[in-house]
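K.L.:
Below, the structure written as structure tokens:
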């Protein structure tokens, strides 16, 4: 049974102010690559937005950033070891660093983006070293190795996932035939469940997301064998979509929404929309469409309203497509600056596109008017094969090169924050509560939701899923 706690509004609002703009893990609060921030620059001057600071010396790696509580977390290889770093959010000075494991690998450097959960931060090294340390001190709480402790098999480019923390559980992917998927107690590292996925094979390079599709809370991820769903409660195998299997590398994080999941891969594969339906205590995944025009290698895909945005394989050709049909609305065919694999993050009507050649672009996120770049600049000392995804937090754009962190001011003081008017799916952590509604406000510790039928629902804050609570905090900051 879900315990429902009615929080007074005076408690809820300060919490929102403190945490609303955090980016605590891979691809943000909901692992969607979408920021709820507004009041940001809609175009950039020549030379780009103002550079606030440049810091780091965090070593070699492809890891992106987690930004929370005035701290920045990332990983990097240096002097024969892989490190987890905590930097000061105001100027980038190193607060502490701890050794995670050994350095190197095929395309040497760390891949994982740290996951911050309260007073703990979790990081995975490229050779399977998984650590939990204190956020403020770096003191180690526990440690596992996905290969040594669980017989894991990562793939030729080593472990790359950013682990998921969901409630009291940490979910990760050793791969192999002993524990393809694994859940650990986030506080102790003890095993909660482990699952051998049929045809799952190597872990490959994706990361888990949460879906409540078909009325069942589940975790969804790409493995070598395709896209899989497992029950959140016990790891039970639910479904597999194998059309993306047998690939050189499966990397992108799936996009769950409602009863659907969009999943894609590069190396010539494509993208697919799956419909999840509850059936006989399980879940069935049915293909709605598959399109080779929606392939994506490792730049990521974002869903904004009814549209998907991504990069065409690794060509530096952003595209926009209808989420429901897969119909491509536009794709970059010349124009603008930037070449090579493009990593995407969305905020305030714009796509923040980090190209492999060191160009940072700002693109209008609209299905109308085709590809339209409204700003670009050359990242200082931008290096090829620097694939860390951009981060937006508290009006700042954070970029990671292979060895340094850069922070830019992208706030527009002349623009007020836009009102919230979007309808979205609200859920709880059990999957029993699901409602499409528009957020209208707060009242006596409850949130007000408008389903569009003239009636206002009052829902206790703590009944919402963790992702919805983070989203709500961002609205109330």
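Numbering (my numbering), first residue to last: 3 to 479.
Even glycine gets a Cβ: it sits at the ideal position worked out from N, Cα and C.
Treat the numbers as computed from the prediction; the structure is a model and nothing was measured.
Would residue 57 and residue 93 be called neighbours here (beta carbons separated by less than 8 Å)?
P.N.:
With contacts defined as CB atoms closer than 8 Å, residue 57 and residue 93 qualify as a contacting pair.
K.L.:
In whole angstroms, give me the CA-to-CA distance for residue 398 and residue 310.
P.N.:
Roughly 24 Å separates the two Cα atoms.
K.L.:
Please classify residue 13: does DSSP put it in a helix, a strand, or coil?
P.N.:
Low confidence applies to residue 13: its pLDDT is 34, below 50, so where it sits in the model is not reliable enough to give any reading.
K.L.:
Please classify residue 281: is it buried, with 16 or more other beta-carbons within 10 angstroms of its beta-carbon, or exposed?
P.N.:
An exposed status is given to residue 281, since fewer than 16 other beta-carbon atoms sit within 10 Å of its beta-carbon.
K.L.:
For residue 409, which residues of its own chain have a beta-carbon under 6 Å away from its beta-carbon, when the five flanking residues on both sides are left out?
P.N.:
54, 55, 398 and 400
K.L.:
What does the Cβ neighbour count give for residue 217, buried or exposed, with the cut at 16 atoms within 10 Å?
P.N.:
exposed
K.L.:
By Cβ distance below 7 Å, which residues in the same chain neighbour residue 343 in space, the five residues on each side in sequence not counted?
P.N.:
299, 300, 301, 313, 316, 318, 358 and 389
K.L.:
On the CB-based measure, 16 or more other CB atoms within 10 Å of its CB, does residue 52 come out buried or exposed?
P.N.:
exposed
K.L.:
Quick check: the Cα distance between residue 175 and residue 392, rounded to an integer number of angstroms?
P.N.:
24 Å
K.L.:
Could you check if residue 200 is buried or exposed, using at least 16 other CB atoms within 10 Å of its CB as the buried criterion?
P.N.:
exposed
K.L.:
Output the distance between the C-alpha atoms of residue 262 and residue 347, rounded to the nearest integer angstrom.
P.N.:
21 Å
K.L.:
Output the distance between the C-alpha atoms of residue 49 and residue 362, rounded to the nearest integer angstrom.
P.N.:
10 Å
K.L.:
Taking the beta carbon of residue 45 as the centre, do at least 16 other beta carbons fall within 10 Å, making it buried, or is it exposed?
P.N.:
With fewer than 16 other Cβ atoms within 10 Å, it is exposed.
K.L.:
Quick check on this structure: which residue in 131, 33 and 118 has the alpha carbon closest to the alpha carbon of residue 101?
P.N.:
Taking only the C-alpha atoms, the option nearest residue 101 is 131.
K.L.:
On the three-state DSSP scale, how would you describe residue 370?
P.N.:
coil
K.L.:
For residue 379 and residue 231, I'd like the C-alpha separation in whole angstroms.
P.N.:
Distance between the alpha carbons of residue 379 and residue 231: 40 Å.
K.L.:
Give me the residue from 308, 255, 295 and 245 with the minimum Cα distance to residue 287.
P.N.:
245
K.L.:
Using C-beta distances below 7 Å, list every residue in its chain close to residue 430, excluding the 5 sequence neighbours before and after it, in chain order.
P.N.:
4, 465, 466 and 467
K.L.:
For residue 74, which residues of its own chain have a beta-carbon under 6 Å away from its beta-carbon, when the five flanking residues on both sides are left out?
P.N.:
67, 89 and 91.
K.L.:
Look up residue 332 in the DSSP assignment and give the residues it is bridged to.
P.N.:
322
K.L.:
If distances are taken between C-alpha atoms only, which option among 159, 169, 210 and 437 comes closest to residue 182?
P.N.:
That would be 210, whose Cα lies nearest to the Cα of residue 182.
K.L.:
Taking the alpha carbon of residue 80 as the reference point, which residue from 460, 112 and 255 has its own alpha carbon closest?
P.N.:
112
K.L.:
For residue 296 versus residue 260, is the C-beta spacing smaller than 8 Å?
P.N.:
no
K.L.:
To which residues of the same chain is residue 459 closer than 6 Å at the C-beta, ignoring the five residues directly before and after it?
P.N.:
451
K.L.:
May I have the straight-line CA-CA distance separating residue 83 from residue 203, to the nearest angstrom?
P.N.:
28 Å
K.L.:
Just curious, the beta strand (DSSP E) that residue 148 is in, first and last residue?
P.N.:
Looking at the DSSP string, residue 148 is not in any beta strand (DSSP E); the run it does join, the alpha helix (DSSP H), is 148-152.
K.L.:
Ordered along the chain, which non-local residues of its own chain (more than five positions away) have a Cβ less than 6 Å from that of residue 356?
P.N.:
345, 362 and 392
K.L.:
Here's the rule I'm using: 16 or more other beta-carbon atoms within 10 Å means buried, otherwise exposed. How should residue 237 be labelled?
P.N.:
buried
K.L.:
Please state the DSSP three-state secondary structure of residue 244.
P.N.:
helix
K.L.:
Mind checking residue 121: buried by the 16 CB within 10 Å criterion, or exposed?
P.N.:
exposed
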